[in-house]
Amino acid sequence: MTDECGLSSTPIGGVDGKLFVRDQADIPEILKCLLFGKKPDRVVIARSRDEVVSTVRYAFEHEIPIVPRGGATSPYGGVMPVKGGIVLDLSHLSSVMDINVEKGTARVEAGVRWAQLNERLPDGLTMYTYPTSWFSTVGGWIATGGYGIHSLRYGHLSTLVDALEVVDGTGNVRWIHNGDEGFSHHFGTEGQMGIVLSAVLKVGHVPSSKLDLLLFDSPRGALEKASELARRKDVLHIVMLEEGRMHEMNVLLGEDLLPERCALLVESEEGIEDVPKAQPWQASYVWGQRFFPLKPKKLGPGLLASEILCPMDVAPEYIERAHSLARGYGVSISTEVHVMGKDLALVVPTFITNKRRTLPYMTHLSLVLALTQEGVAIGGRPYGIGTWNTPYAKKAFTREEWNALKQYKHEIDPKGILNPGKFFSLATRVPLLEQLMGSRLVRGSRLIAPLLGSPQHEEKPDVVRDAYESCTHCGACVSVCPAVALLGDERLSPRAKLFYARMLREEGKLDAEEGSRLMLCLHCGQCEKVCQAGLNLKAVWEKLEEELSGYPMPTEDIERLTRLVESEESYRKLADGGMLHG
Ligand SMILES: Cc1cc2nc3c(=O)[nH]c(=O)nc-3n(C[C@H](O)[C@H](O)[C@H](O)COP(=O)(O)OP(=O)(O)OC[C@H]3O[C@@H](n4cnc5c(N)ncnc54)[C@H](O)[C@@H]3O)c2cc1C
Ligand code: SF4
Ligand code: SF4
84 MTDECGLSST PIGGVDGKLF VRDQADIPEI LKCLLFGKKP DRVVIARSRD EVVSTVRYAF
144 EHEIPIVPRG GATSPYGGVM PVKGGIVLDL SHLSSVMDIN VEKGTARVEA GVRWAQLNER
204 LPDGLTMYTY PTSWFSTVGG WIATGGYGIH SLRYGHLSTL VDALEVVDGT GNVRWIHNGD
264 EGFSHHFGTE GQMGIVLSAV LKVGHVPSSK LDLLLFDSPR GALEKASELA RRKDVLHIVM
324 LEEGRMHEMN VLLGEDLLPE RCALLVESEE GIEDVPKAQP WQASYVWGQR FFPLKPKKLG
384 PGLLASEILC PMDVAPEYIE RAHSLARGYG VSISTEVHVM GKDLALVVPT FITNKRRTLP
444 YMTHLSLVLA LTQEGVAIGG RPYGIGTWNT PYAKKAFTRE EWNALKQYKH EIDPKGILNP
504 GKFFSLATRV PLLEQLMGSR LVRGSRLIAP LLGSPQHEEK PDVVRDAYES CTHCGACVSV
564 CPAVALLGDE RLSPRAKLFY ARMLREEGKL DAEEGSRLML CLHCGQCEKV CQAGLNLKAV
624 WEKLEEELSG YPMPTEDIER LTRLVESEES YRKLADGGML HG
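Pasting the structure below:
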């Protein structure tokens, strides 16, 4: 639909208002309303690069905030329009434009997903690094973290990108090459420095490798070994999982199949021989689970985490402090450590909570802030900023880096329309909130947390409610659903269907269009295969259809979708999305 401004936008209301304004961060609506209270004025789903440019030019001319959105898989509220304006969805810019085998490069549009690129690379060629959110977009990962699988061996994403095509805050398109001044400012600044339109990525050959799951008595011992192994040339990837993480996997498996000890998963060319280790199939299982880090959420339902980048030698002390801090809240945490460089660790303390119980959940959110503060105090920095870590953003950079970023921002976005109200400073309607979040006062809630009881849930709700409450909003299902891929509407996605399900159950009614979106499903089960929360989605869709029996079935749309799925062109498109081989 084209609106009065000439932008092709989606009207905001109902599920659209919820779907396009949030990411994976699980913050109660009431809290977001209280702190920000702003909704986007419109959502623009860009179908072409020209549409991105014209939208930014329009926003520049009228000084309207513009919030880029990729797969909405990040956990820091970066896609939240805290000052209203336009949410610009880039996930449909999904063309793999060129693969140059000789040069070892791939030029892709910003909305291409990592799984899709992997499918398109010819035999033997692969990405040097990728996030475990395989389903997130290239533009989104450039704009955020940039550390993932094989970072230890091949370095940060910024070293593996040759060039970026970016729309600046005035609507001008520019190419920035690796080595140019300002190139690095586009990584990890979450849409502040321009909208990535396309990128030229380095691709190549990653050697074949072996997996070992080494067993230790404590994180300290495991991390000492990790530091030693990180110096070996043949090692590609190392991750440490504390005993609690291994226990959660067993609970999810329903059997004690994995050793419940502190484990170090090592991917290397030569293999590791000098340490007690688990069975090879156990190592393979844990490796396969790297794509499902949020699965334990269904045990709550609720999973919270903090992510701290810090020197390797600081990591053991941070883990000990994190445990002690969490104990003060009556919470038990378990930690993962991803080794990102010879001396660089990404420490992720996680804990299971129950978001059905609002008050304890709120105190647990403050524990996340406290864990981040503790990480910063010990010499680390938050991995992502978005909205929720804005109070700690300065700590993520040196003073010179911070000033350089501000200067660059001013040049590239003179009217400050790109993703405003976060990263540099928080636009909240609560006075002094940013200072409060940055201060130790957030720890005050630990005094009441233990009194509020255990986070585990007591009742077992039915399959539908369990699904919408356990959904992690990760977006993995969005990238594999044929309805989204072929009809180009994210409101048909499993993630959106669960929003509709919640509305149906909690608000009592959907209109005919919303009901038909919920029923527009092929029951192919692709969503269930990739679901981060391990939800029984096929059963959910069947149950919902029963509940919607009074609504007209969108038979024609289902038949059209079926014909599309069967057409050769569509088959190719779906295969590109990684779905048919996923
Ligand atoms: C299961 C799971 C595993 C994950 N694993 C990893 C991991 O291994 N490593 C890691 O770093 N992260 C990981 N993440 C976090 C997240 O997936 C990454 O940050 C991700 O790459 C973000 O991409 P996205 O397309 O979802 O971006 P979004 O969440 O949509 O956006 C993130 C930020 O980038 C901005 N943005 C988005 N697209 C553009 C663009 N084209 N131009 C400019 N700005 C843009 C947005 O405004 C926002 O501020 C994981 C998340 C999940 C759910
Ligand atoms: S089962 Fe339905 S919702 Fe899930 S991927 Fe298939 S079409 Fe999409
Ligand atoms: S339904 Fe599953 S895959 Fe989809 S957003 Fe929710 S948790 Fe993620």
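First residue of the sequence shown? That's 84 in our numbering, and the numbers climb one at a time after it. Beta carbons: idealized from backbone N, C-alpha and C, even for Gly.
- One thing to note: residue 274 has its Cβ within 8 Å of the Cβ of residue 501.
- Sequence-distant partners of residue 268 (beyond 5 residues in either direction) whose C-beta falls short of 7 Å from its own C-beta, in its chain, are 276, 488, 491.
- For residue 225, the enclosing alpha helix (DSSP H) begins and ends at 221-226.
- Within 10 angstroms of the beta-carbon of residue 281 lie 16 or more other beta-carbons, which makes it buried.
- Closest option to residue 136, judged by alpha-carbon separation, among 155, 125, 173: 173.
- Counting only residues of its own chain and dropping the five nearest sequence neighbours on each side, residue 353 has a CB closer than 7 Å to the CB of 317.
- A direct Cα-to-Cα measurement between residue 526 and residue 518 gives close to 13 Å.
- Here DSSP, grouped into helix, strand and coil, assigns residue 315 to coil.
- With a 10 Å radius around the Cβ and a threshold of 16 neighbouring Cβ atoms, residue 513 comes out exposed.
- Membership of residue 189 in the beta strand (DSSP E) is indicated by the continuous run 188-192.
- Bridge pairing for residue 435: 386 [DSSP].
- Distances taken from the Cβ of residue 568 to the heavy atoms of ligand 2 include none shorter than 7 Å.
- Residues of the same chain with a CB within less than 6 Å of the CB of residue 407, apart from the 5 flanking positions on each side, do not exist.
- Going by beta carbons, residue 598 and residue 575 fall outside the 8 Å limit.
- Within the segment 242-289, the runs of beta strand (DSSP E) that reach at least 3 residues and sit entirely inside it are, in chain order, 244-250, 256-260, 278-287.
- By the criterion of a C-beta distance shorter than 8 Å, residue 205 is surrounded in its chain by 182, 184, once the five residues flanking it on both sides are discounted.
- By the criterion of a C-beta distance shorter than 6 Å, residue 420 is surrounded in its chain by 323, 398, 428, 430, once the five residues flanking it on both sides are discounted.
- Just measuring C-alpha positions, the residue of 103, 333, 571 sitting nearest residue 647 is 571.
- Under DSSP, the beta-bridge partners assigned to residue 424 are 427.
- Straight through space, the alpha carbons of residue 459 and residue 233 are spaced by roughly 25 Å.
- Per DSSP, residue 299 is one residue of the beta strand (DSSP E) stretching across 293-299.
- At least one heavy atom of ligand 2 lies closer than 7 Å to the C-beta of residue 565.
- Take residue 254, set aside five residues on each side of it, and the residues of its chain with a beta-carbon closer than 7 Å to its own are 136, 139, 140, 143, in chain order.
- Closest by C-alpha distance to residue 616, out of 278, 386, 131, is 386.
- Residue 121 counts as buried, since at least 16 other C-beta atoms from the protein chains shown sit within 10 angstroms of its C-beta.
- The segment 187-202 makes no contact with the segment 258-267: fewer than 3 CB pairs, one atom from each, lie closer than 8 Å.
- The C-alpha of residue 231 lies about 32 Å from the C-alpha of residue 118.
- Shown here, residue 109 sits in coil according to DSSP, grouped into three states, outside any helix or strand.
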